[in-house]
Amino acid sequence: MTSNTTSSSAGLARRLVRQGLPVLAAATVVVAAVAWSGDLRAPLVTHWAGDSAGDGTAPVLVFVPVMTLLVLVVGLLLQHMTDRVGHAAAARTVGGLGLGMSLFVAALAVATLDANRGAGDLAVGEVPLPLAGLLVALGLLLVGGLVGAGMTPEPTHAPTLLGTTPTRVEPGEAVVWTGTARPDGWMLVLALGMVLVGVLLLVLVEPFPGLLLVGVAVLLATTLRVRVLVGPGGITVRTGPFGVVRLQVPLARVTGVDALEVDPMAYGGWGVRALPGVRAVVVRAGEGIRVRRSDGPDLVVTVDDARRGAGVLLAHRELVER
Amino acid sequence: MLLRLTPDDSAPLHERIASAVRAAIAAGEVGPGERLPATRDLADQLDVNVNTVLRAYRDLRDEGLLELRRGRGATVVGDVDDARLLGHVDRLLAEAARMGLSTDHLLDLVRERAR
Chain A
0 MTSNTTSSSA GLARRLVRQG LPVLAAATVV VAAVAWSGDL RAPLVTHWAG
50 DSAGDGTAPV LVFVPVMTLL VLVVGLLLQH MTDRVGHAAA ARTVGGLGLG
100 MSLFVAALAV ATLDANRGAG DLAVGEVPLP LAGLLVALGL LLVGGLVGAG
150 MTPEPTHAPT LLGTTPTRVE PGEAVVWTGT ARPDGWMLVL ALGMVLVGVL
200 LLVLVEPFPG LLLVGVAVLL ATTLRVRVLV GPGGITVRTG PFGVVRLQVP
250 LARVTGVDAL EVDPMAYGGW GVRALPGVRA VVVRAGEGIR VRRSDGPDLV
300 VTVDDARRGA GVLLAHRELV ER
Chain B
0 MLLRLTPDDS APLHERIASA VRAAIAAGEV GPGERLPATR DLADQLDVNV
50 NTVLRAYRDL RDEGLLELRR GRGATVVGDV DDARLLGHVD RLLAEAARMG
100 LSTDHLLDLV RERAR
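Protein chains in written order, with numbering that gives the first Met the number 0: chain A, 0 to 321; chain B, 0 to 114.
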């Protein structure tokens, strides 16, 4: 009972910091804009060149809503995501980034508004860079990052394990399993759409952005292929154009193998991902293999028939241990 | 797809790899149009030279089970029946060799039975 009360009040404090602070930061931006609305320069100087002279402007009615929304989205969305991340270290990184970036953007917005106070008569180039505000914002990024990381709870959302297919491997026998994963259909549609828009751009408007778009689409389409090889040598994952991306865990370094349900959001989305504690190759939602290794981050890869692949790796692993 | 390389035997490595692929095709583990692992990756897994795997793939291509193309790797073209029949032939040849029977003699026997 006591521990329950303690943990729930600790949980409340955490929620106040993780969700309350971004909301407070966003409110501060709005309050500053309203309080200073009388003597703000119009349009606001919102960008400064390298020599610290202003060189870009935005209307206050665009700047304030956009910045406020950014503060809220970055702060709350990333905090919300931490529970879906299956690794504590990765969750802390996401949580820290969320709070830090949220406070950073809010401080930048307030500093920018402050620089525009009473600057109605100044030309764009004469409005000085709010250097002190920038430093404060950087400080908040650091502090917010550390506090946000520290306040992130252990993720409770564990991925669903699927179990492995038991496989028999005789001593001296080599069993090699290979599998692939087909990407989600919408990614192919996306790639196809990019090619279409790219070709239209190329022909009708400007060749260079068109070519770039087609190139990116081709890169995307080739990265969607993933091929997994499991055997007495461990696990090898190949993806990318012509399979240039190659991830490998030698059998001797394998400490655990699971087949599991992969949620792309838990790894920050689709593609080749590097998070603290895990490397992931995710081309779709659904079954995949997770390999824990003794000398580095876990490896997670989406692949069809993952139970069997995991079973083969496990069988080789047990043969070595025997 | 599952490849099983038996621990036994006196057969050279490339032949064992080829018969493992043949068996996988015969079992329907891998079908026409599907790709086999890159030679380098399979060689790494089995801890053998890349050329050994390449030789196995080439033998299978000569049997009409695979298609080899530069940059695209090995694609299965033969079907379950092709692979099964070739597997039977392999076993027949191995049995004949064990009995000290010459290939010519074996072929005579096959012709005899086919009549």
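For glycine and all other residues, C-beta sits at the position ideal for the given N, C-alpha and C.
Spatial neighbours of Thr177 of chain A within its chain, please: CB distance less than 6 Å, with the 5 preceding and 5 following residues excluded, ordered by chain position. Within the same chain, Thr177 of chain A has close Cβ partners Leu228.
Name, please, each residue of chain B whose Cβ falls closer than 7 Å to the Cβ of Thr27 of chain A. Those do not exist, as Thr27 of chain A stays about 55 Å from chain B at its closest Cβ, beyond 7 Å.
Just the chain D side, please: which residues come within less than 9 Å of Leu1 of chain B by C-beta, in chain order? Here the protein chains are A and B, and chain D is not one of them.
Do Pro249 of chain A and Gly276 of chain A have their CB atoms nearer than 8 Å? no
C-beta atoms of Arg306 of chain A and Leu161 of chain A nearer than 8 Å: yes
Looking at the secondary structure, which residues open and close the alpha helix (DSSP H) in which Val79 of chain B lies? From DSSP, the alpha helix (DSSP H) with Val79 of chain B extends over 79-97.
Check Arg343 of chain A in the structure and name its three-state DSSP category. With chain A covering only 0 through 321, there is no way to say anything about residue 343 of chain A.
Have a look at the DSSP bridge pairing and note the partners of Glu14 of chain B. According to DSSP, which records beta bridges pairwise, Glu14 of chain B is partnered with nothing at all.
Give the secondary structure of Pro127 of chain A by DSSP, where H, G and I count as helix, E and B as strand, and everything else as coil. strand
For the alpha helix (DSSP H) containing Thr27 of chain A, name the first residue and the last one. 20-34
Val76 of chain B beta carbon less than 8 Å from that of Leu115 of chain B: The structure shown does not extend to residue 115 of chain B, since chain B spans only 0 to 114, so no value can be given for it.
Burial state of Asp40 of chain B (16 or more Cβ within 10 Å): buried
Taking a cut of 7 Å between CB atoms, which residues from the region 224-236 of chain A lie near chain B? Leu228, Gly230, Pro231, Gly232, Thr235
Cβ pair Leu133 of chain A, Ala110 of chain A closer than 8 Å: Yes, they are a contact pair.
Run through chain B and tell me which residues come within less than 9 Å of Glu169 of chain A, C-beta to C-beta. Thr5, Pro6
Element boundaries [beta strand (DSSP E), containing His315 of chain A]: Counting along the chain, His315 of chain A falls outside any beta strand (DSSP E), though it belongs to the alpha helix (DSSP H) covering 305-320.
Out of A:Gly10, A:Leu313, A:Gln18, which has the shortest C-alpha to C-alpha gap to Arg167 of chain A? Per the Cα distances, A:Leu313.
Is it buried or exposed for Trp269 of chain A, if we count other Cβ within 10 angstroms and need 16 for buried? buried
Within 7 Å of chain A by C-beta, residues of the region 9-27 of chain B in sequence order: none
Need the endpoints of the alpha helix (DSSP H) that Val109 of chain B sits in, please. 102-113
Which residues in the same chain have their Cβ closer than 6 Å to the Cβ of Gly144 of chain A, if we skip the five residues on either side of it in sequence? Excluding residues within five positions, the ones whose Cβ falls inside 6 Å are Gly95, Gly99.
Pull out every residue of the region 36-58 of chain B whose Cβ sits closer than 8 Å to any Cβ of chain A, in chain order. Pro36, Ala37, Asp40, Leu41, Asp43, Gln44, Leu45, Asp46
Within the same chain, show all residues whose beta-carbon is closer than 6 Å to that of Pro2 of chain B, passing over the 5 residues directly before and after it, in chain order. The residue you asked about is not Pro; residue 2 of chain B is Leu in the sequence shown. Closer than 6 Å at Cβ, skipping near neighbours: Ala19, Ala23.
Does Gly242 of chain A get closer than 8 Å to chain B when you measure Cβ to Cβ? yes
Between A:Trp47, A:Val174, A:Ala284, which lies nearest to Arg316 of chain A when the distance is taken from Cα to Cα? A:Val174
Can you grab the Cα-Cα spacing for the pair Gly19 of chain A / Gln78 of chain A, in whole Å? Annotation: Gly19 of chain A to Gln78 of chain A spans about 11 Å, alpha carbon to alpha carbon.
Please find out if some non-hydrogen atom of the ligand HEM comes closer than 7 Å to the beta-carbon of Asp61 of chain B. With respect to small molecules bound, the structure shown includes none, and the ligand HEM cannot be examined in it.
If distances are taken between C-alpha atoms only, which option among A:Pro21, A:Val217, A:Met186 comes closest to Leu75 of chain A? A:Pro21
Which word fits Ala190 of chain A, buried or exposed, when buried means at least 16 other C-beta atoms lie within 10 angstroms of its C-beta? Counting Cβ neighbours within 10 Å, Ala190 of chain A comes out buried, since at least 16 surround it.
Range covered by the beta strand (DSSP E) that runs through Thr67 of chain A: Thr67 of chain A -> not in any beta strand (DSSP E); alpha helix (DSSP H) instead, spanning 59-71.
For Asp297 of chain A, report the span of its beta strand (DSSP E) as first-last. It spans 297-301 - the beta strand (DSSP E) in which Asp297 of chain A sits, taken as one unbroken run.
Just to confirm, are Val33 of chain A and Thr67 of chain A a CB contact at a threshold of 8 Å? Cβ atoms of Val33 of chain A and Thr67 of chain A: not closer than 8 Å.
Span of the beta strand (DSSP E) around Trp176 of chain A: For Trp176 of chain A, the enclosing beta strand (DSSP E) starts and ends at 173-180.
Looking at the secondary structure, which residues open and close the alpha helix (DSSP H) in which Leu43 of chain A lies? Per DSSP, Leu43 of chain A lies in no alpha helix (DSSP H); the unbroken beta strand (DSSP E) holding it starts and ends at 43-47.
Work out the CA separation of Leu85 of chain B and Glu395 of chain A for me, nearest whole Å. In the structure displayed, chain A extends from 0 to 321; residue 395 of chain A sits before or after that span and is not available.
Between Val213 of chain A and Val198 of chain A, how many whole angstroms is the CB-CB distance? I'm expecting something under 8 Å. 7 Å
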